[in-house]
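Engineer: Can you read through this structure? Questions will come right after.
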Amino acid sequence: MNLQPIDLAIVGGYILLTIGLGFWVAKLSSGNLQSYFLAGNKLPWWVLGLSNASGMFDVAGTMWMVGLLVVYGLKSVFIPWLWPVFNQIFLMAFLAIWLRRSGKLTGAEWISFRFGEDTGARASHLINVVFALIMVVGMLAFGFLGIGKLAAEFIPYRFSAEPMINDKIYGLIVVALTTVYSVKGGMYSVVMTEILQFFIKLIVCIAIAWIAMTLVTPEMIRAVVPAGWHDVTFGQYLNLDWAGVARDALPQQKVVGETAVKVISQEGYSAFGIFFLLMTFQGFFKAMSGPAPNYDMQRLLSAKSPTEAAKISGFVNVVLLFPRYLMIAGMAVLALCFIGPQWTQMQAAAVASGQAYAGDIDSILPWVIRNYMPAGLMGLALAGMLSAFMATYSASLNAAPAYVVNDIYKKYIRPDASDKKLVHLSYATSLTFAVLGAFIGWQLKSIDQVVGWITTGLYGGYTVANVIKWYWWRLNGTGYAASMALGVVVAMWMALPKEVTGMVIDPLRAFPWLFIACALVAVVGSYLTRPTDMAVLKEFYRKTRPWGFWGPVLAALRQDQPDAQPNRDFARDMFNSIVGVIWQTAITASAIFMIIREMDKFWWTLGLVALCSVVMKFTWWDRMRDDPA
């Protein structure tokens with residue numbers, strides 16, 4: 023179905039409304055860096071929670087998760103643990119409070135709060151800035167790739183006979199529109215437009231879920247998926263016989279099974295038990311390291327208080343997961359039951375034009391919108407997907423100048439620069455990173471390629487030093503910087519093509535070895551150099567009060583404050599984290615069970631959500647406090 027005038031009007035009106043809203047609130051953030059990057063710490067937690075949820079509801083990630091559900095069934099609820107999605111639970115339970123107690127502007131500024139200003143501390147500060155900027159570019163490129171694929175599916179004009187070129191040109195156009203309001207308004211514009219975008223996406227989620235439940239029956243789904251597709255549980259191996267489906271299905275459905283076999287083979291998730299253990303191992307340590315220095319950290323630092331920062335992370339799970347997975351599951355079942363003929367035609371057209379098309383799972387989301395959204399609703403769905411991109415992209419883009427301007431220019435070059443000068447430099451920095459992200463995105467071909475590198479390559483190199491910094495007093499700036507530098511170098515090497523490195527590395531299997539190497543470097547580097555100044559450690563511990571190995575610092579602090587107490591909440595925080603992960607996973611699974619009409623399992627998971635919520639009311643919500651004991 024082609025776009026009708028009403029669809030074009032809705033999409034055009036949405037773009038104008040978003041840009042207009044961004045410019046209208048821009049005056050609120052034009053005064054100083056605190057306003058530009060943190061909205062003056064004046065926004066309530068539920069507003070920042072909606073904003074953060076909207077920023078996480080991205081197009082490229084949604085495309086990826088729709089494809090995962092099609093291929094892996096209910097077991098796909100675990101695969102996003104690669105990010106890991108449950109980092110929001112650890113933030114909710116304790117880490118967001120620890121982070122916000124610092125009162126700092128950026129993650130790199132927080133590093134100086136932890137390590138001080140000696141040579142090693144400055145090295146740790148700089149490597150944190152480098153990592154943050156690499157992460158920003160990676161996320162911008164990730165979003166660029168997804169929105170280009172979506173836009174090219176609906177706009178009939180073609181710039182090139184090569185589909186990938188069209189995807190990327192349309193990506194450039196949407197990126198340019200998003201950059202306009204993001205650069206001008208800073209955090210205020212990002213947050214306010216993200217709230218508008220969230221409610222548009224919510225309507226789209228409900229509409230797609232309703233269409234899927236109207237057109238698809240449970241019997242239709244069971245007829246086109248292998249045994250075990252409906253099960254959350256798993257053994258050592260995946261045991262989804264898509265090859266049998268491809269062999270026994272009707273001719274028009276064979277391509278679905280054949281593509282699923284190819285995807286599982288390429289991604290290497292067939293030994294699902296081993297994959298799950300590796301994913302949980304690295305996910306736990308990633309979550310324990312706290313938020314990466316990106317838009318998520320900026321939201322937490324923008325909170326009014328430490329307890330409001332924790333509420334932001336909890337609220338994200340409530341407002342994001344269920345509606346998003348209603349849409350993901352709706353698109354997946356429509357694709358499973360109806361995509362076969364169209365995919366077969368696309369395969370034939372690709373072969374005729376000399377391309378090696380093999381059923382791109384990233385194309386499922388735009389295919390569902392194009393084929394199952396009536397006029398008017400299609401325009402709203404496209405506006406929703408545009409809003410998903412804009413929210414994530416603008417949030418990532420807002421993080422870049424925070425590090426360049428505050429943590430490099432102001433700290434090392436012009437400490438006395440005026441607020442007006444710094445804000446104008448922030449505009450220029452955002453524009454520069456928008457161009458750089460588009461340039462990198464132009465080189466990429468697959469969303470899964472980017473996901474794999476960000477989640478297990480880049481995050482893998484970040485994890486170790488950022489875990490130890492919270493829990494061991496003796497880690498100093500030199501140990502942190504050396505460990506992070508090793509991780510970043512290895513991650514960048516993993517990003518190089520096989521032709522350069524001479525080998526293909528599975529980042530997930532390499533993670534334990536990278537973890538050990540980075541840990542050794544952190545420990546050795548710390549012991550070969552002087553400890554962090556005790557005055558710095560005392561101030562950090564006084565404000566933050568993490569649990570872990572802080573005995574010497576507590577003893578020193580008690581010389582000034584005899585009544586200072588250690589943090590004795592380790593057991594409770596870990597209990598809340600485990601209950602929270604179960605709660606989060608049950609929310610996700612319940613949405614899928616609702617769409618596929620497995621109602622017994624739906625009510626079980628919903629009951630589990632309610633039980634976990636009651637438990638956390640008493641063990642988490644009622645026990646939070648802004649200041650240490």
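Quick note on this note's numbering: the sequence shown kicks off at 23 and runs consecutively. All C-beta atoms in this analysis are idealised placements derived from N, C-alpha and C, irrespective of residue type, glycine included. Since the model is a prediction, treat every value here as computed from it, not as a measurement.
When the distance is taken between beta carbons, is Gly305 closer than 7 angstroms to Trp103?
Structural biologist: Sequence index remark: in the sequence shown, residue 103 carries index 81 (1-based). Sequence index remark: in the sequence shown, residue 305 carries index 283 (1-based). In contact: Trp103 and Gly305 (Cβ atoms closer than 7 angstroms).
Engineer: Between the beta-carbon of Thr215 and the beta-carbon of Thr451, is there less than 7 angstroms?
Structural biologist: Working through the sequence shown from its first residue, we reach residue 215 at position 193. Working through the sequence shown from its first residue, we reach residue 451 at position 429. Cβ atoms of Thr215 and Thr451: not closer than 7 angstroms.
Engineer: Counting C-beta neighbours from all protein chains within 10 Å, is the total for Asp429 16 or more, i.e. buried, or is it exposed?
Structural biologist: By one-based count along the sequence shown, residue 429 stands at place 407. Counting Cβ neighbours within 10 Å, Asp429 comes out buried, since at least 16 surround it.
Engineer: How many Å lie between Ala421 and Phe455 at the Cα?
Structural biologist: Translated into positions along the sequence shown, residue 421 becomes position 399. Translated into positions along the sequence shown, residue 455 becomes position 433. Cα to Cα, the separation comes out at about 10 angstroms.
Engineer: Quick one: what's got a C-beta closer than 7 angstroms to Arg321's C-beta in the same chain, skipping five residues either side?
Structural biologist: Stepping through the sequence shown from its first residue, residue 321 is reached at position 299. Leu70, Ser73, Asn74 and Ile334, listed in sequence order.
Engineer: Grab me the residues of Ala374's own chain with a C-beta within less than 7 angstroms of its C-beta, minus the 5 sequence neighbours each way, in chain order.
Structural biologist: Working through the sequence shown from its first residue, we reach residue 374 at position 352. Only weak support is given to the placement of Ala374: the predicted model assigns it a pLDDT of 48, under 50, and the value that follows is read from those uncertain coordinates. Contacts found: none.
Engineer: On the premise that Val426 lies in contact with Val355, defined as a C-beta separation below 8 angstroms, what is that separation, rounded to the nearest angstrom?
Structural biologist: Against the sequence shown, residue 355 aligns to sequence position 333. Against the sequence shown, residue 426 aligns to sequence position 404. Not quite, the Cβ-Cβ distance comes to about 45 angstroms (not below 8 angstroms), so this is no contact.
Engineer: In this structure, does DSSP put Trp494 in helix, strand or coil?
Structural biologist: As a first step, residue 494 must be located in the sequence shown, where it is residue number 472. Of the three classes helix, strand and coil, the one that applies to Trp494 here is strand, per DSSP.
Engineer: Helix, strand or coil: how does DSSP classify Phe337 here?
Structural biologist: For the purposes of this step, residue 337 is taken as the residue at position 315 of the sequence shown. Helix.
Engineer: Would the beta-carbon of Val152 fall within 7 angstroms of that of Ala130?
Structural biologist: Reading the sequence shown from its first residue, position 130 is the one you call residue 152. Reading the sequence shown from its first residue, position 108 is the one you call residue 130. Result no, Cβ atoms of Val152 and Ala130 do not sit closer than 7 angstroms.
Engineer: Given Ala405, which residues of its chain have a CB within under 6 angstroms of its CB, disregarding the five upstream and five downstream residues?
Structural biologist: As a position in the sequence shown, residue 405 is number 383, starting the count at 1. Hits under 6 angstroms: Ile32, Val33, Tyr36 and Ile222.
Engineer: Does Gly381 come out as helix, strand or coil in the three-state DSSP assignment?
Structural biologist: Taking the sequence shown and counting its residues from 1, the one referred to as residue 381 is at position 359. The predicted model places Gly381 with a pLDDT of 48, which falls under 50 and marks its position as unreliable; any figure quoted below should be read in that light. Of the three classes helix, strand and coil, the one that applies to Gly381 here is coil, per DSSP.
Engineer: In this structure, does DSSP put Phe571 in helix, strand or coil?
Structural biologist: Indexing the sequence shown from 1 puts residue 571 at position 549. DSSP places Phe571 in strand when its eight states are reduced to three.
Engineer: Can you list, in chain order, the residues of its chain whose CB lies under 7 angstroms from that of Ile233, leaving out five sequence neighbours each side?
Structural biologist: For the purposes of this step, residue 233 is taken as residue 211 along the sequence shown, with counting starting at 1. Same-chain partners within the cutoff: Gly352 and Tyr394.
Engineer: Using beta-carbon positions only, say whether Val196 and Ile156 come within less than 7 angstroms of one another.
Structural biologist: Position 174 of the sequence shown, counted from the start, is the residue given in the question as residue 196. Position 134 of the sequence shown, counted from the start, is the residue given in the question as residue 156. Going by C-beta atoms, Val196 is not nearer than 7 angstroms to Ile156.
Engineer: The alpha helix (DSSP H) spanning Gln110 covers which residue range?
Structural biologist: Position 88 of the sequence shown, counted from the start, is the residue given in the question as residue 110. Where Gln110 is concerned, the enclosing alpha helix (DSSP H) stretches over Asn109 to Phe112.
Engineer: Helix, strand or coil, according to DSSP, for Tyr192 in the structure here?
Structural biologist: The count along the sequence shown starts at 1 and reaches residue 192 at position 170. Correct three-state label for Tyr192: helix.
Engineer: Just the Cα atoms here: how many angstroms apart are Ala145 and Ala503?
Structural biologist: The residue labelled residue 145 in the question sits at position 123 within the sequence shown. The residue labelled residue 503 in the question sits at position 481 within the sequence shown. So the alpha carbons of these two residues sit roughly 6 angstroms apart.
Engineer: Could you give the C-beta distance for Ala388 and Leu224, rounded to a whole number, given that I count them as a contact under 8 angstroms?
Structural biologist: Taking the first residue of the sequence shown as 1, we reach residue 388 at position 366. Taking the first residue of the sequence shown as 1, we reach residue 224 at position 202. Residue 388 is actually Pro in this sequence, not Ala. Their Cβ separation, rounded to whole angstroms, is 20 angstroms, which puts Pro388 and Leu224 out of contact at 8 angstroms.
Engineer: Between Asp649 and chain C, is any beta-carbon pair separated by less than 7 angstroms?
Structural biologist: Here chain C cannot be found, since the structure has a single protein chain.
Engineer: Which ranges does the alpha helix (DSSP H) cover as unbroken runs of at least 4 residues, wholly within the segment 559–645, from first to last along the chain?
Structural biologist: You should have 573–582, 592–617 and 621–641.
Engineer: Taking all protein chains shown into account, do 16 or more other C-beta atoms lie within 10 angstroms of the C-beta of Pro240, making it buried, or fewer, making it exposed?
Structural biologist: Walking along the sequence shown from the start, residue 240 turns up at place 218. It is exposed - the Cβ of Pro240 has fewer than 16 other Cβ atoms within 10 Å.
Engineer: Which term fits Arg244, buried or exposed, when burial requires 16 or more other beta carbons within 10 angstroms of its beta carbon?
Structural biologist: Locating residue 244 in the sequence shown gives position 222, where the first residue counts as 1. By the neighbour-count rule (16 or more Cβ atoms within 10 Å), Arg244 is not buried but exposed.
Engineer: Could you spell out where the alpha helix (DSSP H) holding Asn428 opens and where it closes?
Structural biologist: Locating residue 428 in the sequence shown gives position 406, counting from the first residue. Neither: Asn428 is in no alpha helix (DSSP H) and is coded neither H nor E.
Engineer: Do you know how far the Cα of Gly459 is from the Cα of Tyr192?
Structural biologist: Along the sequence shown, read from residue 1 onward, the residue named residue 192 stands at position 170. Along the sequence shown, read from residue 1 onward, the residue named residue 459 stands at position 437. Looking at the two C-alpha atoms, the distance is approximately 14 angstroms.
Engineer: Under 7 angstroms, do Gly15 and Ile111 count as touching if we go by C-beta distance?
Structural biologist: Nothing about residue 15 can be reported from this structure: the residues present for the chain run from 23 to 651 only.
Engineer: Quick check: Leu579 and Lys560, are their CB atoms within less than 7 angstroms of each other?
Structural biologist: What you label residue 579 is simply residue 557 of the sequence shown in a count that begins at 1. What you label residue 560 is simply residue 538 of the sequence shown in a count that begins at 1. Taking 7 angstroms as the Cβ cut-off, Leu579 and Lys560 qualify as a contacting pair.
Engineer: Could you have a look at Asp438 and say whether DSSP puts it in helix, strand or coil?
Structural biologist: The count along the sequence shown starts at 1 and reaches residue 438 at position 416. Asp438 falls in the coil class under three-state DSSP.
Engineer: Considering just the uninterrupted stretch of the alpha helix (DSSP H) at Thr302, what are its terminal residues?
Structural biologist: Locating residue 302 in the sequence shown gives position 280, counting from the first residue. Element bounds for Thr302: Phe294 to Met310.
Engineer: For Val486, tell me which candidate among Ala309, Ser448 and Ile386 has the shortest Cα-Cα distance.
Structural biologist: In the sequence shown, the residue the question calls residue 486 occupies position 464. Nearest C-alpha to Val486: Ala309.
Engineer: In whole angstroms, what separates the C-alpha of Ala507 from that of Pro437?
Structural biologist: Here residue 507 is taken as the residue at index 485 of the sequence shown, counted from 1. Here residue 437 is taken as the residue at index 415 of the sequence shown, counted from 1. Roughly 26 angstroms separates the two Cα atoms.
Engineer: Quick check: what's the CA-CA separation for Gln377 versus Met516?
Structural biologist: Here the question's residue 377 lines up with position 355 in the sequence shown. Here the question's residue 516 lines up with position 494 in the sequence shown. Low per-residue confidence applies at Gln377: pLDDT is 42, beneath 50, and the placement is therefore not dependable, though the value from the model is reported in the following sentence. Their Cα atoms are separated by approximately 27 angstroms.
Engineer: Run through DSSP, which three-state label would Ser124 get?
Structural biologist: Looking up residue 124 in the sequence shown gives position 102. Of the three classes helix, strand and coil, the one that applies to Ser124 here is coil, per DSSP.
Engineer: Run the CB neighbour count on Asp318, radius 10 Å, all protein chains shown included, and call it buried at 16 or more, exposed below.
Structural biologist: Reading the sequence shown from its first residue, position 296 is the one you call residue 318. Flag for Asp318 reads buried.
Engineer: When we look at the beta-carbon of Pro584 and count the other beta-carbons within 10 Å, is it buried (16 or more) or exposed?
Structural biologist: In the sequence shown, residue 584 corresponds to position 562, counting from 1. Classification for Pro584: exposed.
Engineer: Go through its chain and collect everything with a Cβ distance to His147's Cβ below 6 angstroms, but skip five positions before and after it.
Structural biologist: Counting from one through the sequence shown, the residue named residue 147 turns up at place 125. Answer for His147: Ala130, Ile133 and Ser134, listed in chain order.
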